[in-house]
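Trainee: One structure is given below, represented as structure tokens, and several questions about it will come after.
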Amino acid sequence: MESGDGTALNSQKVEDGVGVPSGGSSVPAFDVIVIGAGFAGLYALKRLRDLGYSVLVCEAGSDVGGVWYWNRYPGARCDVESLQYSYSFSKELEQEWEWSERYASQPEILRYLNHVADRFELRRDIRFQTRVESAIYDESHGGWTLSLNGNQTTKASFCVMASGGLSVPRLPDIPGIDHFAGKIYHTGQWPHEPVDFTGIRVGVIGTGSSGIQVIPKVAAQASKLVVFQRTANFSVPARNAPLSPEVQRAWKAIYHEYRARARQVGTIYEVSEKRTFDVTEEERQREYQRRWDKGGVNVIQSFRDVMVDKSANDVIADFVRARIRATVKDTSTAEALCPVGYPLGAKRICVDTDYFETYNRPNVELVDLKKNPISRVDANGVATTGGYHELDALICATGYDALTGALLNIDIRGRGGMTLRQKWSQGPRNYLGLMTGGFPNMFIVTGPGSPSVLANVVVGIEHHIEWIADCINFLRANGVRTIEATPQAEDRWVEHVNKAANKTLFPLANSWWLGANVPGKPRVFMPYVVKFGHYRRECQQAADNGYEGFALGAN
Ligand code: NAP
Numbered sequence: 004m005e006s007g008d009g010t011a012l013n014s015q016k017v018e019d020g021v022g023v024p025s026g027g028s029s030v031p032a033f034d035v036i037v038i039g040a041g042f043a044g045l046y047a048l049k050r051l052r053d054l055g056y057s058v059l060v061c062e063a064g065s066d067v068g069g070v071w072y073w074n075r076y077p078g079a080r081c082d083v084e085s086l087q088y089s090y091s092f093s094k095e096l097e098q099e100w101e102w103s104e105r106y107a108s109q110p111e112i113l114r115y116l117n118h119v120a121d122r123f124e125l126r127r128d129i130r131f132q133t134r135v136e137s138a139i140y141d142e143s144h145g146g147w148t149l150s151l152n153g154n155q156t157t158k159a160s161f162c163v164m165a166s167g168g169l170s171v172p173r174l175p176d177i178p179g180i181d182h183f184a185g186k187i188y189h190t191g192q193w194p195h196e197p198v199d200f201t202g203i204r205v206g207v208i209g210t211g212s213s214g215i216q217v218i219p220k221v222a223a224q225a226s227k228l229v230v231f232q233r234t235a236n237f238s239v240p241a242r243n244a245p246l247s248p249e250v251q252r253a254w255k256a257i258y259h260e261y262r263a264r265a266r267q268v269g270t271i272y273e274v275s276e277k278r279t280f281d282v283t284e285e286e287r288q289r290e291y292q293r294r295w296d297k298g299g300v301n302v303i304q305s306f307r308d309v310m311v312d313k314s315a316n317d318v319i320a321d322f323v324r325a326r327i328r329a330t331v332k333d334t335s336t337a338e339a340l341c342p343v344g345y346p347l348g349a350k351r352i353c354v355d356t357d358y359f360e361t362y363n364r365p366n367v368e369l370v371d372l373k374k375n376p377i378s379r380v381d382a383n384g385v386a387t388t389g390g391y392h393e394l395d396a397l398i399c400a401t402g403y404d405a406l407t408g409a410l411l412n413i414d415i416r417g418r419g420g421m422t423l424r425q426k427w428s429q430g431p432r433n434y435l436g437l438m439t440g441g442f443p444n445m446f447i448v449t450g451p452g453s454p455s456v457l458a459n460v461v462v463g464i465e466h467h468i469e470w471i472a473d474c475i476n477f478l479r480a481n482g483v484r485t486i487e488a489t490p491q492a493e494d495r496w497v498e499h500v501n502k503a504a505n506k507t508l509f510p511l512a513n514s515w516w517l518g519a520n521v522p523g524k525p526r527v528f529m530p531y532v533v534k535f536g537h538y539r540r541e542c543q544q545a546a547d548n549g550y551e552g553f554a555l556g557a558n
């Protein structure tokens, strides 16, 4: 199977890096080890290094970028607007960087992150092709020992887990898939060189955000494209377009205002104060249509009750289904593409360019797996209970072991040898999403229990890193060696996160937010649904009260 660095999927080849002290010393080798060199890891390095700490970033990939390093599939693009999906920590960076489109493509975001790495000379403290395989807490010295690539160790007082919420791709567990003779790709581990599908028969499994982006691009090349859809998804048009210098200049002139607002609400959208049934049917439809024409996920903010009132949600869901029926010419294909059985927004809403239009192409066929599930894959194609599809290549847009996957893939052992896997066997437990008891000095960035993927994740990342840096400063200034969440604070937080989710419609779909896409994963709604500003205040309050809810110790 092909993957990002041309190696077999799920068995990344790693090579020794340089300059990492081996284990054996009782003195921590670094103040902080950061795991991951995506948006979070780069900022963690910048912030902590500027404060005078010795920092090493370990990154499994060969370069910076995180998800934007791995997700090189055709059509990959962020669906948060470029001007928002960027760092705010440097006014100079903010002003000098020019985005070319309303929504930045993967190559442009990767160029941006490379620019950040170069501009702030970050690479010298990043060790690439370095997978952290284990992190063991050492109670005698109050720090962490990390095993790198299975053949080296290093030590640190603190670990910052910037390993990403969507960094562990999942291949479908379909009988016979290993026997497929053609190439198999996963959107999340795409080869670096362009893949040419011209004139060949391609299958795509999965119709989430990645599938919805890759499908129109592959359809334009392949002689035949077969889309295997298990659950139809709500998708709204992006209305992507070049970003004019005037728009950019106007935005940059008051960037600080936009940033301040994003820090409170997570993302700058036009949020309505009205409820769905406060207005007439005509007004309602006009508002949906206005937002639909504008493009982007903003549609979901048409009325403030969309994610809390099922009847309000039903109305907007009907609006989207009507748009699908109006776009897709073949009526049975249109019906199969209409999402049913779960509220709009309870699975991550997708943002597309020509997704539904693609099904009007003569070379595209939709296979509804709800009616005819896949029975097996063999050398030549995919068999469903309804027929057989000969294929030359297969694209799996089948998602991730999200939010907890990257953390639990590392053998993390805290106090008394307890593993994080054991501790989180019934679902993630932590306080503020930032720390978990029994694992001192290990900070988690935009993981479960924080707003993470429900807000603009860059806003969340900057907040977390700044909170973590302030916390480490506090500990050092006060001669405190360790910090971890108390069991009481953790219990309260987990309950609060669950209760908040249960007041909304979010848990009503089998989403990756709930862990429902991974067999055996505890079914717990992981992100914190409350407004970002509220979350920010809770984190600030804990810090202002001397890190209330955290146990401070000597080791
Ligand atoms: P995803 O949303 O989890 O979608 C995976 C798709 O694969 C689903 O349609 C799923 O069907 C299907 N699938 C999984 N296993 C299958 C199997 N064995 N047989 C048939 N179908 C199977 O993953 P994703 O599309 O990679 O997106 C993940 C997240 O990444 C997004 O929600 C978003 O947060 C982020 N993302 C963002 C962008 C963007 O900014 N535009 C782009 C890509 C990704 P079921 O629904 O039935 O499980």
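In the numbering used here, the protein residues as written are 4 to 558.
All residues carry an ideal CB built from backbone N, CA and C; glycine is no exception.
Quick check for students: name the residue ranges of the alpha helix (DSSP H) that lie wholly in the segment 371-432, counting only runs of 4 or more.
Mentor: 408-411 and 423-426, all fully within the segment 371-432.
Trainee: Using a Cβ-Cβ cutoff of less than 7 Å, which residues in the same chain neighbour Ala337 once the five nearest sequence positions on both sides are dropped?
Mentor: The residues are Ile327, Arg328 and Val331.
Trainee: Is Arg351 near the ligand NAP, going by C-beta to nearest heavy atom under 6 Å?
Mentor: Indeed, a heavy atom of the ligand NAP lies less than 6 Å from the Cβ.
Trainee: When you measure from the CB of Ser213 to every non-hydrogen atom of the ligand NAP, does any distance come out below 6 Å?
Mentor: Because some heavy atom of the ligand NAP lies under 6 Å away, the Cβ of Ser213 counts as near it: yes.
Trainee: Kindly identify the DSSP beta-bridge partner or partners of Ala554.
Mentor: Bridge partners of Ala554: Glu487.
Trainee: Which of the three DSSP states is assigned to Tyr140 in this structure?
Mentor: Tyr140: strand per DSSP, three-state reduction.
Trainee: Comparing alpha-carbon positions, which option in Gly298, Gly202 and Val229 lies nearest Ala244?
Mentor: Considering only alpha carbons, the answer is Gly298.
Trainee: In whole angstroms, what separates the C-alpha of Met310 from that of Glu95?
Mentor: Cα to Cα, Met310 sits roughly 38 Å from Glu95.
Trainee: For Ser57, which of Phe33, Ala43 and Trp73 has the nearest alpha-carbon?
Mentor: The shortest C-alpha separation from Ser57 is found at Phe33.
Trainee: Let me check you understand the geometry: is the CB of Trp515 closer than 6 Å to at least one non-hydrogen atom of the ligand NAP?
Mentor: Flag set: Cβ of Trp515 near the ligand NAP.
Trainee: Using C-beta distances below 7 Å, list every residue in its chain close to Pro454, excluding the 5 sequence neighbours before and after it, in chain order.
Mentor: Gly269, Gly463, Pro530, Tyr531, Phe535 and Tyr538, listed in sequence order.
Trainee: For Ala488, does the count of other Cβ atoms within 10 angstroms reach 16, so buried, or fall short, so exposed?
Mentor: By the neighbour-count rule (16 or more Cβ atoms within 10 Å), Ala488 is buried.
Trainee: Which residues in the same chain as Val527 place their Cβ atom closer than 6 Å to its Cβ, once the five residues preceding and following it in sequence are excluded?
Mentor: Cβ neighbours of Val527 beyond the five flanking positions: Gly430.
Trainee: So, are the CB atoms of Asn236 and Pro376 less than 7 Å apart?
Mentor: Contact flag unset, no.
Trainee: Is Glu124 closer than 7 Å to Arg105 when the C-beta atoms are compared?
Mentor: Cβ distance not < 7 Å, so Arg105 and Glu124 don't count as in contact.
Trainee: Which value, in whole angstroms, describes the spacing of the CA atoms of Gly440 and Glu136?
Mentor: Those two C-alpha atoms are separated by around 21 Å.
Trainee: From Gln109 to Ile352, what distance separates their C-alpha atoms?
Mentor: Their backbone Cα atoms lie some 19 Å apart in a straight line.
Trainee: Using a Cβ-Cβ cutoff of less than 6 Å, which residues in the same chain neighbour Ile468 once the five nearest sequence positions on both sides are dropped?
Mentor: Answer for Ile468: Tyr46, Ala47 and Arg50, listed in chain order.
Trainee: Tell me, which residues are paired with Trp147 by DSSP?
Mentor: Paired residue(s): Tyr140 and Ala159.
Trainee: How about Val385 and Gly214: do their beta carbons lie closer than 7 Å?
Mentor: Cβ distance not < 7 Å, so Val385 and Gly214 don't count as in contact.
Trainee: Could you pull the start and end residues of the alpha helix (DSSP H) that Leu116 belongs to?
Mentor: Where Leu116 is concerned, the enclosing alpha helix (DSSP H) stretches over Gln109 to Arg122.
Trainee: Between which residues of its own chain and Gly185 is the CB-CB distance below 7 Å, once the five residues before and five after are set aside?
Mentor: Closer than 7 Å at the Cβ level, and outside the excluded window around Gly185, lie Leu394, Asp395, Ala396 and Leu397.
Trainee: Can you give the beta carbon distance from Ala79 to Gln224, rounded, assuming they're within the 8 Å contact cut?
Mentor: With 8 Å as the limit, Ala79 and Gln224 do not qualify as a contact, their Cβ atoms being about 16 Å apart.
Trainee: How long is the line joining the alpha carbons of Asn476 and Thr387, rounded to whole angstroms?
Mentor: Answer to the nearest angstrom: the Cα atoms are 58 Å apart.
Trainee: Return yes when at least one heavy atom of the ligand NAP lies under 6 Å from the C-beta of Ile139, else no.
Mentor: Not so, every heavy atom of the ligand NAP lies at least 6 Å from the Cβ.
Trainee: Answer with buried or exposed for Asn520, where buried requires no fewer than 16 other C-beta atoms within 10 angstroms of its C-beta.
Mentor: Buried: at least 16 other Cβ atoms inside 10 Å.
Trainee: Going by alpha carbons, who is nearest to Pro451 out of Ser378, Ala480 and Leu406?
Mentor: Among Ser378, Ala480 and Leu406, the Cα nearest to that of Pro451 is on Leu406.
Trainee: For a test of your reading of the model: does the CB of Thr156 fall under 6 Å from any non-hydrogen atom of the ligand NAP? Yes or no.
Mentor: Thr156 Cβ: outside cutoff for every heavy atom of the ligand NAP.
Trainee: Is Val323 helix, strand or coil when you go by DSSP?
Mentor: Note: Val323 maps to helix in three-state DSSP.
Trainee: Give the C-beta separation of Phe442 and Gly417 to the nearest angstrom, bearing in mind that I take them to be a contact with Cβ-Cβ under 8 Å.
Mentor: About 4 Å; that satisfies the 8 Å criterion.
Trainee: Does the separation of the CB atoms of Leu369 and Val163 fall below 7 Å?
Mentor: Cβ distance not < 7 Å, so Leu369 and Val163 don't count as in contact.
Trainee: Kindly list the residues whose CB is nearer than 7 Å to the CB of Ala472, restricted to its own chain and excluding five residues on each side of it in sequence; keep chain order.
Mentor: Answer for Ala472: Arg50, Leu51 and Leu54, listed in chain order.
Trainee: Using 7 Å as the threshold, is the C-beta distance between Val274 and Val354 below it?
Mentor: Their beta carbons are not under 7 Å apart, which means Val274 does not touch Val354 by this criterion.
Trainee: What's the C-alpha gap between Thr157 and Ile319?
Mentor: Going from the Cα of Thr157 to the Cα of Ile319 covers about 53 Å.
Trainee: Measuring only the C-alpha atoms, how far is Leu411 from Leu457?
Mentor: Cα-Cα distance, rounded: 21 Å.
Trainee: Mapping the DSSP letters down to three states, classify Lys186 as helix, strand or coil.
Mentor: DSSP places Lys186 in strand when its eight states are reduced to three.
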